[in-house]
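A quick write-up on the structure given underneath.
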Amino acid sequence: MLAVRDLTKTFPARHDNGAVRALRGVSFDIADGDFFALLGPSGCGKTTMLQSIAGLETPDSGEIAMGDTVVYASAGGINIPANRRQLGMVFQSYAIWPHMTVFDNVAFPLAHGERKTGKAEIAERVKRALDLVKLGAFADRLAPHLSGGQQQRVALARALVHEPRLLLLDEPLSNLDAKLRDTMRIELRQLVKSLGITTLFVTHDQVEAMGMSDKLALMRDGVIVQQGTPQDIYLRPESAFAADFMGRSNLVAGRVNGNGAMVDVETPIGTIRCPAAATDLNDGIVVIRPQAVRLHGPGIGGQNCYAGTVEQVSFLGDVVEGEVRVGAGLLKIVVDPYRQVAPGQTVTVELPPERCVLVPPDSGSLP
Ligand SMILES: Nc1ncnc2c1ncn2[C@@H]1O[C@H](COP(=O)(O)OP(=O)(O)OP(=O)(O)O)[C@@H](O)[C@H]1O
Ligand SMILES: [Mg+2]
């Protein structure tokens with residue numbers, strides 16, 4: 053449905069700062085009907101990407117196609133204007149008009165669009181869009197007299213009102229409180245899935261991205277560092293940055309010995325046996341999620357088993373987080389709350405080789 057090829061965008065230098073290379077050759081594809089998340093830290097280029105797809109920002113080079121239609125191509129000099137790209141967008145700030153009613157906000161794209169739409173049809177389509185987001189009863193209310201979550205739904209209804217081929221959402225849930233955000237995540241995904249609309253969702257929240265998307269792309273400094281399913285990226289990160297950004301992890305650096313399918317990595321914790329990386333490495337970082345670590349009683353032997361001492365424990369209710377001193381290293385662990393763990397306890401930690409991921413040494417964890 054959407055194909056983005058080698059997109060670049062540089063904002064020119066201004067008196068207060070140098071040029072910013074916001075997009076440095078970004079390529080990705082979204083399949084028909086998929087919910088796709090673009091994830092990354094603040095300033096990595098997510099909004100620039102979305103605005104380029106929407107036609108509100110003109111890239112420097114590359115190509116963007118929606119279905120069979122090329123909407124932007126630097127080579128062919130193609131740049132279809134935003135109002136003819138048949139997409140719906142919810143902006144990072146909802147950008148709903150405070151002096152208008154809910155009805156007029158949602159009707160705006162129809163009343164002021166490319167195509168002239170008759171009064172009766174506008175009324176019917178606005179009603180349908182408002183019903184979809186469960187705001188049917190609020191049509192006459194002025195926009196400021198709504199809660200944050202309701203305003204968010206107005207913005208969504210407005211984006212859906214002309215049945216777009218592609219829905220672009222820029223951090224649409226970031227202004228909501230935690231509880232409402234949780235509900236809206238599920239509702240939003242169910243809504244667009246039931247309508248069969250292909251959706252590109254931008255967020256800096258990795259839990260939101262994983263929970264909502266079929267596929268996601270992780271961005272950093274204007275490039276996509278990895279893309280795939282949430283499982284691909286969480287369980288098989290290709291860089292320390294990806295591992296770190298997607299959630300808590302142990303990053304254990306060491307020297308790599310051997311060159312088969314399995315290698316031994318000499319680390320401050322001990323020798324860790326793990327699957328080799330895609331390319332041969334002399335040095336590397338072993339990524340182990342705290343949930344991947346198995347905790348046993350003291351004195352247990354076996355592959356990737358190490359004697360350790362519990363250093364710190366935080367009881368969080370749904371889980372218990374802890375740190376175990378192993379050799380000259382410290383490993384984060386997570387255990388269930390019914391398990392007795394206390395500082396000073398001697399234990400055996402097991403790092404199952406299939407749960408260990410070797411990534412290149414210079415693959416940048418978070419600052
Ligand atoms: N109009 C502009 N002029 C100059 N620089 C810009 C402009 N818009 C964005 N930038 C810069 O381009 C980079 C990417 O910005 P962008 O808004 O795409 O980031 P983002 O990933 O959406 O961040 P956030 O999560 O904070 O919304 C940033 O360094 C930003 O400062
Ligand atoms: Mg942004």
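Numbering (my numbering), first residue to last: 53 to 419.
Glycine residues also receive a C-beta, built at the ideal position from the N, C-alpha and C atoms.
Here the alpha carbon of I340 sits roughly 37 Å from the alpha carbon of Q103.
Under the Cβ criterion (8 Å, minimum of three pairs), the stretch 364-377 counts as touching the stretch 393-409.
CA-CA distance, D335 to C408, rounds to 15 Å. The beta carbon of R217 sits closer than 8 Å to those of M53, M118, G119, Q138, L139, I249, T250, all from its chain and outside the five residues before and after it, given in chain order. For the pair V345 and P404, the Cα-to-Cα distance works out to about 7 Å. The Cβ atoms of S291 and S94 lie no closer than 8 Å to each other. Relative to the non-hydrogen atoms of ligand 2, the Cβ of Q144 comes within a distance shorter than 7 Å of at least one. Residue pairing from DSSP places C326 in a beta bridge opposite V315.
D222 has its Cβ nearer than 7 Å to a heavy atom of ligand 2.
DSSP, read as helix, strand or coil, puts Y390 in coil. In the structure shown, D86 adopts coil according to DSSP, grouped into three states. Around the beta carbon of L368, fewer than 16 other beta carbons lie within 10 angstroms, which makes this residue exposed.
Counting along the chain, A117 sits inside no alpha helix (DSSP H); it lies in the beta strand (DSSP E) bounded by residues 113-118.
Just so you know, the alpha carbons of V122 and V386 end up roughly 48 Å apart. Check the Cα spacing between G97 and each of R210, G306, L270: the tightest is with L270. Chain-ordered, the residues whose CB falls short of 5 Å from any heavy atom of ligand 1 come out as F63, V72, A74, S94, G95, C96, G97, K98, T99, T100, H256.
The residues L182, in chain order, have a CB closer than 6 Å to that of G188 in the same chain once the five nearest residues on each side in sequence are set aside. Judged by their CB atoms, D58 and S79 are nearer to each other than the 8 Å cut-off. One Cα belongs to T361, the other to G353, and the distance between them is close to 16 Å. Taking C326 as reference, the option from C357, L347, D296 with the minimal CA-CA separation is C357.
Counting of Cβ neighbours within 10 angstroms places V185 among the buried residues, the total reaching 16 or more. Taking 8 Å as the cut-off, the Cβ atoms of L268 and S417 do not count as close.
Relative to the Cα of M152, the nearest Cα in the group S126, G129, R210 belongs to R210. Here V213 has V158, P161, L162, R177, V178, A181 as same chain residues with Cβ atoms under 7 Å from its own Cβ, once five neighbours each way along the sequence are excluded. Sorting V72, I116, H256, M101 by C-alpha distance to the C-alpha of F297 places H256 at the top. When D86, E239, L347, V56 are compared, the shortest CA-CA separation from E402 is found for L347. Cβ atoms of G107 and I132 come within 8 Å of each other, at about 6 Å. As the crow flies, the alpha-carbon of A294 is around 9 Å from that of R288. As the crow flies, the alpha-carbon of S301 is around 9 Å from that of Q343.
E115 and Y124 have their alpha carbons spaced roughly 5 Å apart. Sequence-distant Cβ neighbours of V142 in its own chain, meaning closer than 7 Å and more than five residues away, are A207, L208, A211, L221, D222, P224. In the three-state reduction of the DSSP assignment, M271 falls in the strand class.
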